[in-house]
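Asks: The opening position of the sequence shown corresponds to residue 86 in this note's numbering, with each subsequent residue numbered one higher.
Think of the CB as a built atom: it goes at the ideal place given N, C-alpha and C, for glycine as much as any other residue.
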Amino acid sequence: MSTLTKVLIVLLTVFSIFLCGIVVTYVANATNQKERADKLDRDWRAARTAREAAQNDLVAAKEEADQMRRDLDAQMSGLKVTISDLQAKLESVQRENTQMAQRVRDMGASVQQANELQASQMQQSQTAQQQVAALEAERTRLSKELAETDQALLEKMAIVVQLEEKYRQLTEANQDLESRLNQYLRQYGKTAAAPVPVTQRTGIVQPAAPAARDINLTARVTAVDIRNSLAELSIGSAAGVRPDMRFHVTRDQQYVCDVRILEVGPDQSVGILERIQIPPRVGDAAATNL
Numbered sequence: 086m087s088t089l090t091k092v093l094i095v096l097l098t099v100f101s102i103f104l105c106g107i108v109v110t111y112v113a114n115a116t117n118q119k120e121r122a123d124k125l126d127r128d129w130r131a132a133r134t135a136r137e138a139a140q141n142d143l144v145a146a147k148e149e150a151d152q153m154r155r156d157l158d159a160q161m162s163g164l165k166v167t168i169s170d171l172q173a174k175l176e177s178v179q180r181e182n183t184q185m186a187q188r189v190r191d192m193g194a195s196v197q198q199a200n201e202l203q204a205s206q207m208q209q210s211q212t213a214q215q216q217v218a219a220l221e222a223e224r225t226r227l228s229k230e231l232a233e234t235d236q237a238l239l240e241k242m243a244i245v246v247q248l249e250e251k252y253r254q255l256t257e258a259n260q261d262l263e264s265r266l267n268q269y270l271r272q273y274g275k276t277a278a279a280p281v282p283v284t285q286r287t288g289i290v291q292p293a294a295p296a297a298r299d300i301n302l303t304a305r306v307t308a309v310d311i312r313n314s315l316a317e318l319s320i321g322s323a324a325g326v327r328p329d330m331r332f333h334v335t336r337d338q339q340y341v342c343d344v345r346i347l348e349v350g351p352d353q354s355v356g357i358l359e360r361i362q363i364p365p366r367v368g369d370a371a372a373t374n375l
C-alpha cells in the first residue's frame, strides 16, 4: 500500500469522525431547541390563562364595586329621607318645648307678681287676700297642668317609639313574606303582584265583594312548599278567587289546615298555610266552606 493511499485513508477517517461529531451536535441541539420551544409554549399558554383569569377577576370586581356603589347610593337616599323626617320631628318637638318654656316663664312671672302683691298688701282687706289665694290656686293648677302635659308628652313619645319599632318589625315580616312568595312563584315562572296601598283613592262607593262562605268555592292542592309555608290551589280569578280569601284544606273528611290567598292568577292561586294540623299534600281538597 502506497503512502498516498495511507494518507487518504487517514484523512477519510478523520473526516468521518468530524462528520459524526457534527451530526451528534446537531441532534443534541435540535432536541434542546424542541424542549425549549415546548417550555416556551407552555409558559405562554399559562401566561395567557393567567391573563384571562385576571381579566375575569377584574370584570367581576368592577361589577361588584358597581353593585356596592348602587347599594350605598340607595342606602344614602333612604338615610337622607330618614334624616329629613327626624329633623322635621325634632323641629316640632323644639317648637313645643319653646312654647312650654314660655308658659313656664309666664307662670313664673305670674307667681312672682302674686308674691310681690301679697308682700306689699299684707294690710289690705280680705278681698285682696282672696285674690292672692286665687292666684296661688291658679299657679298650682297651672303647675299641675304643666306636669301632666310633660308626662303626656313623654308617654306619647314612648308610644311613637313603640309604634316605629312595631312598624319596622311588620315591614321586615312583610318583606320576608314577599321574598318567600316570590321565591316560590319563581319556581313556576311567576312573580308576585305589586302590593296595593292601604289608602285607596276616594271615589264612588262600590258594593262589597260577596263573602267567601257564600260563594262556596272548591279546589285541589296542586303544589306545596312546607319550608316556606306556601301552597298552590287549582282555582283562580276566573272562578271568583280574591286575595285574603280563606280555603279550608281537608283529606278524607279530616281537617288539614287553612290557606289564606296571597297571589291570584287566572286559573291558579297561591296562599300561605295557617292553622296547620297535619302537613298538606298535593291532591288534598280545598273549599271555602267546611
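1. Could you name the residues of the same chain whose beta carbon sits closer than 7 Å to that of glutamine 203, not counting the 5 residues immediately before and after it, in chain order?
2. How big is the Cα-Cα spacing for lysine 174 and serine 319?
3. Identify the continuous beta strand (DSSP E) that holds leucine 347 and give its terminal residues.
4. Between methionine 153 and glutamine 172, what straight-line distance do the alpha-carbon atoms span, to the nearest angstrom?
5. Would you call proline 351 buried or exposed, if buried means 16 or more other Cβ atoms sit within 10 Å of its Cβ?
6. Taking 8 Å as the threshold (C-beta atoms), are alanine 304 and histidine 333 in contact?
7. Rounded to whole angstroms, what is the Cα-Cα separation between valine 166 and alanine 258?
8. Quick one: using the 10 Å Cβ neighbour count with 16 as the cut-off for buried, is isoleucine 361 buried or exposed?
9. How many Å lie between glutamine 209 and leucine 248 at the Cα?
10. Given that a residue counts as buried once 16 or more other Cβ atoms are within 10 Å of its Cβ, and exposed if not, what is serine 381?
11. Ignoring anything shorter than 4 residues, give me the alpha helix (DSSP H) runs that lie fully in the stretch 91-155, in order along the chain.
12. Given a cut-off of 8 Å on the beta-carbon distance, is the pair leucine 220 and alanine 194 in contact?
13. For leucine 347 and alanine 316, which I take to be in contact (beta-carbon distance under 8 Å), what is that distance rounded to the nearest angstrom?
14. Under 8 Å, do valine 306 and arginine 265 count as touching if we go by C-beta distance?
15. CB threonine 373 to CB leucine 262, shorter than 8 Å?
16. Taking just the CA atoms, how far does aspartate 329 sit from proline 364?
17. Between arginine 224 and valine 196, how many whole angstroms is the CB-CB distance? I'm expecting something under 8 Å.
18. Would you kindly work out how many angstroms separate the C-alpha atoms of valine 99 and valine 92, rounded to a whole number?
19. So isoleucine 357 is in the beta strand (DSSP E); what residue range does that whole segment cover?
20. Please classify glycine 356 as buried or exposed, where buried requires at least 16 other C-beta atoms within 10 Å of its C-beta.
21. Nearest CA to the CA of serine 322: which residue from Gln211, Gly163 and Val349?
22. Any chance you could list the beta strand (DSSP E) runs of at least 3 consecutive residues sitting entirely within the stretch 295-327, in chain order?
Replies: In this structure, then:
1. Val217
2. 50 Å
3. 339-349
4. 28 Å
5. exposed
6. no
7. 22 Å
8. exposed
9. 57 Å
10. In the structure as shown, the chain begins at 86 and stops at 375. Residue 381 is therefore absent and cannot be evaluated.
11. none
12. no
13. Rounded, the Cβ-Cβ distance is 10 Å, inconsistent with contact.
14. no
15. no
16. 21 Å
17. 5 Å
18. 11 Å
19. 354-359
20. buried
21. Val349
22. 303-310 and 315-318
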